[in-house]
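Below you'll find the structure, written out as structure tokens, and then a few comments.
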Ligand SMILES: [Zn+2]
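Residue numbers (my numbering): 24 to 209.
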């Protein structure tokens, strides 16, 4: 799995992870990202006895011991899998799909000197920018703008290709405007 990618819903997570996953509403209220409470006595301080990475490090398994009641328990921590909805131009809504962004960028970069790592990094950056807003909905326009801004710095041909699809230039004049704008700013 690619780095930074949240686990898809339905992936088997062992049942003891319930108190290890960050709560969005809590985070929005300025609370701590992780509250690791003892499942027996709810005490917030625990000692970590053992740490293991599972699934290429996406899940971290920790053996913990409560500082208050000394009981031991296991947590499975992972990056929070957020449910983000994309609002399309026609108002239709669909679940956020990283792969969809990746496909668009990959197509735009076809046969361009852009490495897979650069593509991954670009999508990671776009994703981080979207997630940082902490909203539950994002417009496809916002995503497109974030992609374009970064693609422009990466490869101008890819940028124009992406923009021509994304902005669906009605005629060659509009495309020309975009190219001129690009040349002016470079
Ligand atoms: Zn305890």
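Note that beta-carbon positions come from the ideal geometry of N, C-alpha and C, so glycine has one too.
Check                                                                                                                                                                                    : Outcome
Please report the Cβ distance between residue 86 and residue 97, rounded to the nearest whole angstrom; I am assuming they are in contact, meaning their Cβ atoms lie under 8 Å.         : 6 Å
Might you give, ordered along the chain, the residues of its own chain that have their beta carbon closer than 6 Å to the beta carbon of residue 63, omitting 5 neighbours on each side? : 92 and 94
Hey, could you find the ends of the alpha helix (DSSP H) residue 172 is sitting in?                                                                                                      : 163-177
Kindly indicate which residue of 159, 136, 184 and 175 has the alpha-carbon position closest to the one of residue 110.                                                                  : 159
May I ask whether a heavy atom of ligand 1 can be found less than 7 Å away from the beta carbon of residue 86?                                                                           : no
Can at least three beta-carbon pairs, one atom from the stretch 108-122 and one from the stretch 130-140, be found at a separation below 8 Å?                                            : no
In the DSSP output, which residue or residues are listed as bridge partners for residue 204?                                                                                             : The partner list for residue 204 (beta bridge, DSSP) is empty, contrary to what the question assumes.
Sort 88, 68, 84 and 206 by Cα distance to residue 99 and report the nearest one.                                                                                                         : 84
Give the range of the beta strand (DSSP E) segment to which residue 117 is assigned.                                                                                                     : 116-118
Just to confirm before moving on: does the CB-CB distance between residue 74 and residue 88 stay below 8 Å?                                                                              : no
To the nearest angstrom, how far is it from the Cα of residue 79 to the Cα of residue 65?                                                                                                : 30 Å
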